[in-house]
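In the working numbering, the protein residues as written are 2 to 450.
For glycine and all other residues, C-beta sits at the position ideal for the given N, C-alpha and C.
Everything numeric in this text was worked out from a predicted model, so none of it was measured.
This is the structure in structure tokens:
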């Protein structure tokens, strides 16, 4: 019965116009299910395709070394601008003159300041030479007085030696006179006994008495002479002490004058050093009136305008960008991803202004991208962004970065991580999991070092 109904339906459709059959596709069989199967199969196959995990970050072009970045040209002294030698956009060489300043401080306004300071130094040096001569003269005087003291002391010592010898001789004479007096005294006593007994005459007794008196006088004279010799020795000792005291006083006074001269020399040398310091400062300050370019580059901005404008010490006059620099990229990475990075990891770079076709998960299929290598990772968080600062330098094994790059050019970077299936990467992003963390053998070796 169903078959018969189908035949009748076909006969009815045959009777209808051709346009009706073409518009409604009544005779065509549906192929939607085949497309669904094909799409499902494509998704299954794509889930097993390799995908390179990466960390995206925005950055800008900078330099690897700080002295190659844009820098200011500063005035080392306060002054008034009297002449400009450059304008914005000029290419300058190291040592070129940027501007000339004129002095504004009262203590430096004297045009002959350097010459007068030099004259003060010469005068101080001459005074020091005179003090040095005085010290040398005092030294010679001291030597002469020490020699005179030595001779005088030697003379007195000789006299004292002679006096001691004389004392010894006088002592012997005194002993002899005492012995002679003792003998004369005994003889007088015996002579007196004989005279009292009448055995000798009065004349003989008087003669013996006279001999006794002579012996007494001789003894007294020898004792006085001995005492005088001892007194001479004492006087010579006193004279020796007086000579030593006199020469010590003279030598001390001369040495004091010498030390005073040496003190004046030391003070003069300090003054000379101070004046030389001022002189050199004045000479260097004279050179600072001309502001010199520290290195070659392009003048990008002049912060002062016109003639006669006053600039302060340390104030920026202009800015230059060095013409030779090793370029790098400065990017900022979130703290969540910073543990995945190590120096030496590869980075894909896109520069603003350069055509590019990017497949972030298939870096080898991208067009117009450049390669870099992480060279430095900061150990502290940047206060302005809350992220970690990372420097990327050109990869020497890949094609060089464009020469037309300018400092400050914006960049997009893809830090390449592990290769995983595309399906896993989609599942990871849906669940908000971090990328896979792993280290290559080279990275593990450098980390251990």
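Query, Result
"So, are the CB atoms of residue 1 and residue 372 less than 9 Å apart?", "No information on residue 1 is available, as it lies outside the stretch 2 to 450 that the chain covers here."
"Check for me: the alpha helix (DSSP H) holding residue 370 runs from which residue to which?", "Careful: residue 370 lies outside any alpha helix (DSSP H) and carries neither H nor E."
"Count the other CB atoms within 10 Å of the CB of residue 156; is the residue buried (16 or more) or exposed (fewer)?", "exposed"
"Once the 5 residues before and after residue 248 are set aside, which same chain residues still bring their CB inside 8 Å of it?", "146, 147, 149, 150 and 153"
"Does DSSP put residue 272 in a helix, in a strand, or in coil?", "helix"
"In the DSSP assignment, what are the bridge partners of residue 57?", "415"
"Quick one, are the C-beta atoms of residue 67 and residue 81 less than 9 Å apart?", "no"
"Counting contacts by CB-CB distance shorter than 9 Å, is residue 259 in contact with chain B?", "Although the question refers to chain B, the structure presented lacks it and comprises just one protein chain."
"Answer yes if the segment 315-324 comes into contact with the segment 299-307, meaning at least three C-beta pairs across the two stretches below 8 Å, and no otherwise.", "yes"
"For the candidate residues 162, 209 and 160, whose alpha-carbon lies nearest to that of residue 182?", "209"
"Count the other CB atoms within 10 Å of the CB of residue 107; is the residue buried (16 or more) or exposed (fewer)?", "exposed"
"Just reading off the beta strand (DSSP E) that residue 348 is part of, what are its end residues?", "347-352"
"Are the segment 182-197 and the segment 208-225 touching by the rule of at least three beta carbon pairs closer than 8 Å?", "yes"
"Please say whether residue 414 and residue 312 have beta carbons closer to each other than 9 Å?", "no"
"May I ask you to check if the CB of residue 338 is nearer than 8 Å to at least one heavy atom of the ligand SAH?", "The ligand SAH is absent from the structure shown, which contains no ligand whatsoever."
"Can you pull the DSSP bridge partners for residue 224?", "BP columns for residue 224 are empty, so no partner."
"With a threshold of 16 other CB atoms inside 10 Å of the CB of residue 264, please say whether the residue is buried or exposed.", "exposed"
"Quick one, which of 300, 345, 394 and 69 has its alpha-carbon nearest residue 92's?", "300"
"How would you call residue 454, buried or exposed, if buried means at least 16 neighbouring beta carbons within 10 angstroms?", "As shown, the chain starts at 2 and ends at 450. That puts residue 454 outside it, with no answer to give."
"Using DSSP with H/G/I as helix, E/B as strand and the rest coil, what is residue 327?", "coil"
"For residue 292 versus residue 76, is the C-beta spacing smaller than 9 Å?", "yes"
"Report the option in 280, 134, 137 and 125 whose CA atom is closest to the CA atom of residue 116.", "280"
"Look up residue 81 in the DSSP assignment and give the residues it is bridged to.", "103 and 311"
"Cα separation between residue 133 and residue 277?", "20 Å"
"Any idea what DSSP makes of residue 377, helix, strand or coil?", "strand"
"Could you give the distance in angstroms between the alpha-carbon of residue 189 and the alpha-carbon of residue 222?", "20 Å"
"Among 40, 331, 298 and 408, which one has its Cα closest to the Cα of residue 386?", "331"
"Starting from the Cα of residue 370, find the closest Cα among 389, 256, 400 and 267 and give me that residue.", "400"
"Report the rounded CA-to-CA distance for residue 141 versus residue 163, giving the unit in angstroms.", "33 Å"
"So the beta strand (DSSP E) residue 389 belongs to, where does it begin and stop?", "389-395"
"Express the C-alpha separation of residue 329 and residue 395 in angstroms, rounding to a whole number.", "7 Å"
"Cβ of residue 178 within 9 Å of Cβ of residue 219?", "yes"
"Among the residues of its own chain, which have a CB less than 7 Å from the CB of residue 126, if the five just before and after it don't count?", "273"
"Can you name, in chain order, every residue of its own chain whose Cβ lies under 7 Å from the Cβ of residue 431, other than the five neighbours on each side?", "none"
"Residue 431 by DSSP, collapsed to three states: which one?", "helix"
"Does DSSP put residue 70 in a helix, a strand or coil?", "coil"
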